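Mapping of the sequence shown onto this note's numbering: residues 8 to 248, in sequence order.
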Amino acid sequence: MTDDAIQPGEPTPDTVASAEPRPERKPWFAPYRGVRFSISLKWLLAGTLIYALLLLVMIHANPREATFPIVGPSLYLTPIFGLPLVLRLMHRPGRIRRLLYFLLLLPLAHIAANYVAWYYAVSNFYQLDAQAVLIRNLTAGAWGGVTGATFAFTLLYLTGLTARRRAELATMAVATIALTVIGALGMAQGLVFTGQSADTHDREALILWFETIHLPWQIIFSLALAWLMRPPRAVKKPVSG
Numbered sequence: 008m009t010d011d012a013i014q015p016g017e018p019t020p021d022t023v024a025s026a027e028p029r030p031e032r033k034p035w036f037a038p039y040r041g042v043r044f045s046i047s048l049k050w051l052l053a054g055t056l057i058y059a060l061l062l063l064v065m066i067h068a069n070p071r072e073a074t075f076p077i078v079g080p081s082l083y084l085t086p087i088f089g090l091p092l093v094l095r096l097m098h099r100p101g102r103i104r105r106l107l108y109f110l111l112l113l114p115l116a117h118i119a120a121n122y123v124a125w126y127y128a129v130s131n132f133y134q135l136d137a138q139a140v141l142i143r144n145l146t147a148g149a150w151g152g153v154t155g156a157t158f159a160f161t162l163l164y165l166t167g168l169t170a171r172r173r174a175e176l177a178t179m180a181v182a183t184i185a186l187t188v189i190g191a192l193g194m195a196q197g198l199v200f201t202g203q204s205a206d207t208h209d210r211e212a213l214i215l216w217f218e219t220i221h222l223p224w225q226i227i228f229s230l231a232l233a234w235l236m237r238p239p240r241a242v243k244k245p246v247s248g
């Protein structure tokens, strides 16, 4: 009889395995435990900077593609924004929801925002004076900003990546207003840099335009997301006398 043979009365490996408690599987929509504000903000800002750098490279390599309303580099690079945070938190609960939100749902929100702004700008392209042109640019940027923010925060709420309380809803409302203003100013100032013309032969002007639109918006959006995804405060129970 070998040393590793099972002795009489000794539990078999199957018995031992079944006796050990198995970790409880968390349901898909379990209450969100949250991530510290500093961690989320740091990695979202890292994604913002990587996105800005790759956008510069892609526009410089193929400037004509930059102005495509649906498949341009500013859109297909969107998953880069949240990828550093997703990878950093792969060991934490909620990884599937973060993958779904940052790599699929957020790019769809960006496509919707880009299309709405592009459609308004094209529909109101011909203007007679400088003031009308400025209003058109501000309005197009505002439509893009409010569409992107509304879709992004709604999807964040629906995927359960934020606490479902009135405080979070108020934060989303304030952030949406801020992102609408940032979108309007970014579009208008970006077109000032390009001389009101998205000339695909002028790479430097296109890069300035797209970076002016996206970089400030994503920084404010990162702040809002990090704040919304932080761990919810525990409710204090009254001390019984």
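Heads up, the beta-carbon is just placed ideally off N, CA and C, and yes, glycines get one too.
Predicted model only: the values in this text are computed from it and were never measured.
Note on geometry: alpha-carbon atoms of R171 and G89 lie some 22 Å from one another. Shown here for Y127: same chain residues with a beta carbon closer than 6 Å to its own, the five before and five after excluded, namely A147 and W150 in chain order. A73 is positioned such that its CB atom lies no closer than 7 Å to that of L222. In the DSSP annotation of this structure, the continuous segment of the alpha helix (DSSP H) that includes G197 starts and ends at R173 to F200.
Between the beta-carbon of T183 and that of R104 there is about 21 Å, and that puts the pair past the 8 Å contact cut. DSSP places V42 in the coil class of the three-state scheme, outside both helix and strand.
Between V129 and T154, the C-beta gap is not smaller than 7 Å, which leaves the two residues out of contact.
Of the residues V199, L48 and L111, the one whose Cα lies closest to the Cα of R143 is V199. Annotation for I87: the continuous alpha helix (DSSP H) segment containing it runs P86 to R95.
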